[in-house]
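Engineer: To start, I am sharing the structure in question, which I have written as structure tokens.
Protein chains: 2
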Amino acid sequence: MGEEEAGVRARLVAAGVDLVLREGQSAVSLREIARRAGVSHGAPRRYFPTHVDLLSAIAREGFADLAARVEQTIRAAGPDPRGRLTALGRTYLDFAAAHRGMFELMFRHDLLASGRLHLRETSLPLFDVLADLVAQVRRPTDAPAPVLAGALWANLHGIAQLWAWGSLPLATGATDDDALLRAALDAHLGPAPH
Amino acid sequence: MGEEEAGVRARLVAAGVDLVLREGQSAVSLREIARRAGVSHGAPRRYFPTHVDLLSAIAREGFADLAARVEQTIRAAGPDPRGRLTALGRTYLDFAAAHRGMFELMFRHDLLASGRLHLRETSLPLFDVLADLVAQVRRPTDAPAPVLAGALWANLHGIAQLWAWGSLPLATGATDDDALLRAALDAHLGPAPH
DNA sequence: GTCGTGGGGTAGACACCGTCTACGCCAGCT
DNA sequence: AGCTGGCGTAGACGGTGTCTACCCCACGAC
């Protein structure tokens, strides 16, 4: 009994998460993760046949973290769907800005292409949350619900991406992304209630 | 007179462009570019002190290519600003889908962070074209012009990104991104004229 | 108790990468 | 004629991901 020593597999993922959060995507090398986890450079291979397998496991932690944050802020935002969508968007943008390295890792297309990152277990649950809320505020003349939700998600994602990339602050002259978030929500869902 | 032998610098960039278009971002190694350009692995250093300098030069070609395509399709779309915006969006999405590796390279944030990729010379000209058109169709109740243009660009970019990533087709059930493009334009600019 | 056996981890090798440095070559100027 | 400087080559170095051989030790069979 007492606290159990964390297994090597969990230590590797934890070290990778810590590393990508702290140092960014380029620091997440297999050997550096192994060093931080206190094992030899060959050890990860027992649990992750290839580098992208380990990276995918790290990215999954990122998706789980994001989903947990979204769920929490949505609950704190009260029952109004529009308020909940605002909270979701705010959380999405904050996550991308605060954990840029992780955000980049999560959406690396080579991880997805490797087949180790399954959409149905990572991003789709989050999309379903958004789609549910969107369906509650959708007006009859709007695009079909999945398209509307997809377009709004894409808008959120694009703001997160281009803002981090640096061009949106320069082009819009804004110092924070709040105006862009409100513009996106208003555009897709109609003007805010009040 | 007569055709001049292309300089090593131009050959390197051309080989890099060709490589990233054909094989994707991971194939654009310094040594492979040098091999394809027919020079030794040390030669690029004369013209590009570091790898990211060369990558930045390649990315600039991508931006120039995209800008040229946009300019051409906009002209072919006629004088109506809404039609021109549709053409711009269509071109943006087509470019991202057809040249995924180049599109990823262009928006790699480490290239921007290296200081070799200057926003004012790459993406801002394109943004200005979009902002001009947006200003012509903006309604009084819309967000301020720069914010509106920025939000629309972000929406385009997000669609391009998430579509290529694979989650939007799965989540929306669509087989092409046309519905998303129309939804984005309608949301930000109001319903299409007819 | 002794012997196999197999999972988990180490350590070394390999090819490739980006960067650095020393070295040739050759055109052009003094 | 001789020097000089730009251009390109070639080798070295440390780092990376992957592969392979090996070791150790817990565990089951007999």
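Residue numbers (the numbering used here), protein chains in the order written: chain L, 14 to 207; chain Y, 14 to 207. Where a beta carbon is used, it is the ideal one built from N, C-alpha and C, also for glycine.
(1) So which of L:Gly203, L:Arg48 and L:His64 has the shortest CA-CA distance to L:Pro153?
(2) Where does L:Arg121 sit, in a helix, a strand or coil, going by DSSP?
(3) Around the C-beta of L:Gly171, are 16 or more other C-beta atoms found within 10 angstroms, so that it is buried, or is it exposed?
(4) Can you list the alpha helix (DSSP H) stretches of 4 or more residues lying completely in the region 59-89 of chain Y, in chain order?
(5) Among L:Asp191, L:Gly186 and L:Leu161, which residue has its Cα nearest to the Cα of Y:Ala5?
(6) Please state whether DSSP places Y:Leu139 in a helix, a strand or coil.
(7) Thinking Y:Leu130 and Y:Ser69 are a contact (beta carbons under 8 Å), I'd like their distance in whole angstroms, please.
(8) Given a cut-off of 7 Å on the beta-carbon distance, is the pair Y:Gly102 and Y:Leu194 in contact?
(9) Taking the alpha helix (DSSP H) that Y:Gln174 falls in, what are its first and last residues?
(10) Just confirm the distance between the C-beta atoms of L:Leu137 and L:Ala80, as a whole number of angstroms; I'd bet it's less than 8 Å.
(11) Answer yes or no: does any C-beta atom of chain L fall closer than 7 Å to that of Y:Phe140?
(12) List, in order along the chain, the chain L residues whose C-beta lies closer than 7 Å to that of Y:Pro159?
(13) For L:Gly186 and Y:Pro159, which I take to be in contact (beta-carbon distance under 8 Å), what is that distance rounded to the nearest angstrom?
(14) At what residues does the alpha helix (DSSP H) containing Y:Arg151 begin and finish?
(15) What's the gap between the Cα of L:Leu169 and the Cα of L:Leu106?
(16) Starting from Y:Ala40, follow the alpha helix (DSSP H) in both directions and report where the run begins and ends.
(17) Mapping DSSP to helix, strand and coil, what is Y:Arg129?
(18) Rounded to whole angstroms, how far is the Cβ of Y:Pro94 from the Cβ of Y:Leu165, which I believe are closer than 8 Å?
(19) Please list, in chain order, all residues of the same chain as Y:Ala100 whose beta carbon is under 6 Å from its beta carbon, the five residues on each side excluded.
(20) Under 7 Å, Cβ to Cβ, is there at least one residue of chain Y near L:His201?
(21) If we define contact as Cβ-Cβ less than 7 Å, is Y:Ala110 a contact residue for chain L?
(22) Here's the rule: buried if 16 or more other CB atoms are within 10 angstroms of the residue's CB, otherwise exposed. What is Y:Thr104?
(23) If you measure between the beta carbons of Y:Leu124 and Y:Val65, is that distance less than 7 Å?
(24) Rounded to whole angstroms, what is the Cα-Cα separation between L:Pro62 and L:Gly55?
(25) If you draw a straight line from the alpha carbon of L:Ile71 to that of Y:Trp176, how long is it in whole angstroms?
(26) Helix, strand or coil for L:Ala23, going by three-state DSSP, please let me know.
(27) Counting contacts by CB-CB distance shorter than 7 Å, is L:Glu17 in contact with chain Y?
(28) For the alpha helix (DSSP H) containing Y:Asp191, list its first residue and its last residue.
(29) Using CA atoms only, rank isn't needed, just tell me which of L:Ala28, L:Gly29 and L:Ser39 is closest to Y:Arg121.
(30) Using the beta-carbon of each residue, which ones in chain Y are nearer than 9 Å to L:Ala81?
(31) What residue range does the alpha helix (DSSP H) around Y:Ala187 cover?
(32) When burial is assigned at 16 or more other CB atoms within 10 Å of the CB, is L:Gly128 buried or exposed?
(33) Please list, in chain order, the chain Y residues whose beta carbon lies closer than 7 Å to that of L:Gly163.
(34) What residues in the region 48-65 of chain Y bring their beta carbon closer than 7 Å to a beta carbon of chain L?
Structural biologist: So, from the data block:
(1) Locating residue 153 of chain L in the first sequence gives position 140, where the first residue counts as 1. The shortest C-alpha separation from L:Pro153 is found at L:Gly203.
(2) As a position in the first sequence, residue 121 of chain L is number 108, starting the count at 1. Of the three classes helix, strand and coil, the one that applies to L:Arg121 here is coil, per DSSP.
(3) Taking the first residue of the first sequence as 1, we reach residue 171 of chain L at position 158. Counting Cβ neighbours within 10 Å, L:Gly171 comes out buried, since at least 16 surround it.
(4) 64-89
(5) No information on residue 5 of chain Y is available, as it lies outside the stretch 14 to 207 that chain Y covers here.
(6) As a first step, residue 139 of chain Y must be located in the second sequence, where it is residue number 126. Three-state result, Y:Leu139: helix.
(7) For the purposes of this step, residue 130 of chain Y is identified with residue 117 of the second sequence, where counting begins at 1. For the purposes of this step, residue 69 of chain Y is identified with residue 56 of the second sequence, where counting begins at 1. With 8 Å as the limit, Y:Leu130 and Y:Ser69 qualify as a contact, their Cβ atoms being about 5 Å apart.
(8) As a working mapping, residue 102 of chain Y is identified with position 89 in the second sequence. As a working mapping, residue 194 of chain Y is identified with position 181 in the second sequence. Closer than 7 Å, so yes.
(9) Residue numbering aside, residue 174 of chain Y sits at position 161 when the second sequence is read from its first letter. It spans Ala158 to Trp178 - the alpha helix (DSSP H) in which Y:Gln174 sits, taken as one unbroken run.
(10) Working through the first sequence from its first residue, we reach residue 137 of chain L at position 124. Working through the first sequence from its first residue, we reach residue 80 of chain L at position 67. Incorrect: roughly 10 Å between the Cβ atoms, too far for contact.
(11) Position 127 of the second sequence, counted from the first residue, corresponds to residue 140 of chain Y. Yes - at least one Cβ of chain L is within 7 Å of the one on Y:Phe140.
(12) Here residue 159 of chain Y corresponds to residue number 146 of the second sequence, with the count starting at 1. Simply Ala184, Thr185 and Gly186.
(13) Within the first sequence, the letter at position 173 stands for residue 186 of chain L. Within the second sequence, the letter at position 146 stands for residue 159 of chain Y. Confirmed, Cβ separation roughly 6 Å.
(14) One-based indexing of the second sequence puts residue 151 of chain Y at position 138. First-last for Y:Arg151: undefined, no H or E at that position.
(15) By one-based count along the first sequence, residue 169 of chain L stands at place 156. By one-based count along the first sequence, residue 106 of chain L stands at place 93. Between L:Leu169 and L:Leu106, the C-alpha separation is close to 7 Å.
(16) Residue 40 of chain Y sits at position 27 when you count from the first residue of the second sequence. That residue, Y:Ala40, is in no alpha helix (DSSP H); it is neither H nor E in DSSP.
(17) Position 116 of the second sequence, counted from the first residue, corresponds to residue 129 of chain Y. It is coil, neither helix nor strand.
(18) The residue labelled residue 94 of chain Y in the question sits at position 81 within the second sequence. The residue labelled residue 165 of chain Y in the question sits at position 152 within the second sequence. About 13 Å separates the two Cβ atoms, so there is no contact after all.
(19) By 1-based counting over the second sequence, the position of residue 100 of chain Y is 87. Counting only Cβ-Cβ distances below 6 Å, and skipping sequence neighbours, we find Thr86, Ile87 and Ala90.
(20) Position 188 of the first sequence, counted from the first residue, corresponds to residue 201 of chain L. Yes, L:His201 counts as interfacial toward chain Y.
(21) Translated into positions along the second sequence, residue 110 of chain Y becomes position 97. Taking Cβ atoms only, chain L never reaches closer than 7 Å to Y:Ala110, which makes this a no.
(22) Position 91 of the second sequence, counted from the start, is the residue given in the question as residue 104 of chain Y. So Y:Thr104 ends up on the buried side.
(23) Stepping through the second sequence from its first residue, residue 124 of chain Y is reached at position 111. Stepping through the second sequence from its first residue, residue 65 of chain Y is reached at position 52. Yes, they are a contact pair.
(24) Taking the first residue of the first sequence as position 1, residue 62 of chain L is located at position 49. Taking the first residue of the first sequence as position 1, residue 55 of chain L is located at position 42. So the alpha carbons of these two residues sit roughly 10 Å apart.
(25) In the first sequence, residue 71 of chain L corresponds to position 58, counting from 1. In the second sequence, residue 176 of chain Y corresponds to position 163, counting from 1. For L:Ile71 and Y:Trp176, the distance between alpha carbons rounds to 22 Å.
(26) As a position in the first sequence, residue 23 of chain L is number 10, starting the count at 1. L:Ala23: helix per DSSP, three-state reduction.
(27) Walking along the first sequence from the start, residue 17 of chain L turns up at place 4. Any reading at L:Glu17 must be qualified, since the residue scores a pLDDT of 45, below 50, and its modelled position is unreliable; the value itself is stated next. No, its Cβ sits nowhere closer than 7 Å to a Cβ of chain Y.
(28) Looking up residue 191 of chain Y in the second sequence gives position 178. Element bounds for Y:Asp191: Asp191 to Leu202.
(29) The sequence position of residue 121 of chain Y within the second sequence is 108, counting from 1. The shortest C-alpha separation from Y:Arg121 is found at L:Ser39.
(30) The residue given as residue 81 of chain L occupies position 68 in the first sequence. Chain Y residues near L:Ala81: none, gap ~19 Å exceeds 9 Å.
(31) Against the second sequence, residue 187 of chain Y aligns to sequence position 174. No alpha helix (DSSP H) holds Y:Ala187; DSSP gives it neither H nor E.
(32) The count along the first sequence starts at 1 and reaches residue 128 of chain L at position 115. Its Cβ having fewer than 16 others within 10 Å, L:Gly128 is exposed.
(33) Taking the first residue of the first sequence as 1, we reach residue 163 of chain L at position 150. Going along chain Y in sequence order, the residues near L:Gly163 (Cβ under 7 Å) are Leu181, Ala184, Thr185 and Leu193.
(34) none
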